[in-house]
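Novice: Here it is: the structure, laid out below.
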Amino acid sequence: MPFTPTRPLPYGRQFINEADVAAVVASLHGDYLTQGPAVAEFEQQFARYVGATYAVAVSNGTAALHLCALALDVQPGQRVITTPLTFAASANCVRYCGGEVHFADIDPATGLVDLAKVRALLEAHPKGYFTGLIPVDFAGLAVNLEQARQLADEFGLWIIEDSCHSPGGFFVDSKGQEQRCGNGRFAELAIFSFHPVKHIACGEGGMITTNDERLYRHLLRLRTHGITRDPADLVRDSDGGWYMEMQELGYNYRLPDLNCALGLSQLARAEEGLARRRQLAAQYDAAFAGLDGLTVLAPGRPGHAYHLYVVQVGDRKGLYDFLKTRQIFAQVHYIPVHRMPYYEGLGWCEGDFPVAETYYAHCLSIPLFPTLTDEEQGYVVACIREFLAK
Ligand SMILES: *Cc1c(COP(=O)(O)O)cnc(C)c1O
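Spelled out as structure tokens, the structure:
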């Protein structure tokens, strides 16, 4: 009898074990629910994991992006380039600061922003026209930040790497060295999300990594209302032990101790989860090789962190609906950002980024998460084959 799964199969799901539960309970029994010892511990261990000097834990990935835009001093009217193939938050952070979002189309082979198109856009305007670049490590495949840095240096841009899909991912640089996403070697700042569907789950949560001490200290202040207590940073003389200064307009974007305790426990298993994602992806690659009517996005790339496993088919809606009847809940990543009504209201329209639009018309993210069993994966493959044979 063919295997049928005993649970619905979404495109992604968190993996919580008893060690995670115990870590959260221990935090609940501690003295600090908000700013306890797990916060700094999580920051230090996460910085080490990605190979960066500093890390700042924040309430979610969107808050991370907002603080990065503030720390880089995005001003009303400044122009920043990102990819249309991402979650809206990658672009929205520029809007929070009153900046203008511009897009460069994607490379259809990788789903990543096409750096040749970024260059063409930069060259079509005088130097200084654009101030920043926000590349996204889409689906878990790392952008070549060495090349992005060369462009950025040539045109005077800063870079925020949106690494929400790729903790543990890397690209190989021109010297053959592996460069981990968020290691701060090429981008001023990188951001991560700990939404349950991402690699590491905190409930909600986010992280900023950097190697720049000045940006790091500024981010700490912006995360807590713009307030500092650090004697080295005070602009006036202290009145006493309680003294602190609000020096600029900041926010409450802190990540509670509870969430950091969960994040620490999850981080301890991050490499294991990544290895399982890569194994499942290789198995999908093998199962789909040579299959008519289906293409796999960027199969077999080194350093891929596989947040998503993306296939492209002619009748995407047909496949999505068919899988749903089989309890397989695939998802579409993404409706291009420039096609969102909000961005269309700012002047973007259909046809502006045709590669991303064609990609969107055919893409589907199928189940990929560490606890997906080989049998469940075999069932997903069998259902897709059945649909394509119809
Ligand atoms: C998830 C995600 C974000 C936002 O993270 P949240 O923690 O949900 O705010 C930003 N960018 C990308 C590419 C994402 O996938």
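Residue numbers (my numbering): 4 to 393. Heads up, the beta-carbon is just placed ideally off N, CA and C, and yes, glycines get one too. All values derive from a computational prediction rather than experimental measurement.
#1: For G135, which residues does DSSP report across the bridge?
#2: Let me confirm a value: V28 is counted as buried when at least 16 other C-beta atoms fall within 10 Å, else exposed. Which label applies?
#3: Out of E126, A123, D165, point me to the one whose CA is closest to G185's CA.
#4: Measure the beta-carbon distance from I137 to S93 and round it to whole angstroms, keeping in mind my assumption that it falls under 8 Å.
#5: Taking the alpha-carbon positions, what's the D280 to A41 distance?
#6: My understanding is that H105 touches F133, with C-beta atoms under 8 Å, so please give their C-beta distance in whole angstroms.
#7: Just to confirm, does C167 get its C-beta within under 8 Å of one of the non-hydrogen atoms of ligand 1?
#8: Using the three-state DSSP reduction, which class does P13 fall into: helix, strand or coil?
#9: If you follow the alpha helix (DSSP H) that I387 is part of, which residue opens it and which one closes it?
#10: With 16 other CB atoms within 10 Å as the buried threshold, where does G253 fall?
#11: If I measure Cβ to Cβ from A448 and keep anything under 7 Å in the same chain, skipping five residues before and after, which residues do I get?
#12: So, is the C-beta of G276 closer than 9 Å to a C-beta in chain B?
#13: Per DSSP, A58 is paired with what?
#14: By Cβ distance below 8 Å, which residues in the same chain neighbour V335 in space, the five residues on each side in sequence not counted?
#15: Note down the Cα distance separating W351 from E44, rounded to an integer number of angstroms.
#16: Given 8 Å as the limit, tell me if F90 has its C-beta closer than that to any heavy atom belonging to ligand 1.
#17: Please classify R257: does DSSP put it in a helix, a strand, or coil?
#18: Let me check you understand the geometry: is the CB of F197 closer than 8 Å to at least one non-hydrogen atom of ligand 3?
#19: May I ask whether a heavy atom of ligand 1 can be found less than 8 Å away from the beta carbon of T113?
#20: Quick one: is M249 buried, meaning 16 or more other Cβ sit within 10 Å of its Cβ, or exposed?
#21: Along the beta strand (DSSP E) that carries S169, what are the first and last residues, could you check?
#22: Helix, strand or coil: which one does DSSP assign to R152?
#23: Thinking C-alpha only, which one of L154, L36, I331 is nearest L11?
#24: How big is the Cα-Cα spacing for A123 and F173?
#25: Between L218 and the rest of its own chain, which residues show a CB-CB distance below 7 Å, the 5 nearest in sequence each way excluded?
#26: Is K3 near ligand 1, in the sense that its beta carbon is under 8 Å from a heavy atom of that ligand?
#27: Contact defined as beta carbons within less than 8 Å: I believe G102 pairs with Q81. What is the distance between those atoms, to the nearest angstrom?
#28: Going by DSSP in three states, R239 sits in which element: helix, strand or coil?
#29: Rounded to whole angstroms, what is the Cα-Cα separation between L125 and G243?
Specialist: With the structure as the only source:
#1: Checking the DSSP bridge columns, you'll see G135 partnered with V83, W161.
#2: exposed
#3: D165
#4: Confirmed, Cβ separation roughly 6 Å.
#5: A quick correction: the sequence has Arg, not Asp, at residue 280. Answer to the nearest angstrom: the Cα atoms are 27 Å apart.
#6: Here H105 really is in contact with F133; their C-beta atoms are around 7 Å apart, less than 8 Å.
#7: Correct: C167 has its Cβ closer than 8 Å to ligand 1.
#8: In the structure shown, the three-state DSSP call for P13 is strand.
#9: 377–392
#10: buried
#11: Only positions 4 to 393 of the chain appear in the structure, and residue 448 is not among them; the question remains open.
#12: Structure shown: chain B not included; a single protein chain is present.
#13: T212
#14: R319, Y323, Y363, C366, L367, S368
#15: 43 Å
#16: yes
#17: coil
#18: In the structure shown, ligand 3 is absent; the only ligands present are ligand 1.
#19: Flag unset: Cβ of T113 not near ligand 1.
#20: exposed
#21: Note, S169: premise wrong, no beta strand (DSSP E); not H, not E.
#22: helix
#23: Leu is not the amino acid found at residue 11; the sequence shown has Pro there. When each option's Cα is compared against that of P11, the closest is I331.
#24: 26 Å
#25: A74, E191, L192
#26: Lying outside 4 to 393, the shown extent of the chain, residue 3 is not represented and no answer is given.
#27: 4 Å
#28: Under the three-state reduction of DSSP, R239 is assigned to coil, being neither helix nor strand.
#29: Each residue's alpha carbon lies about 52 Å from the other.
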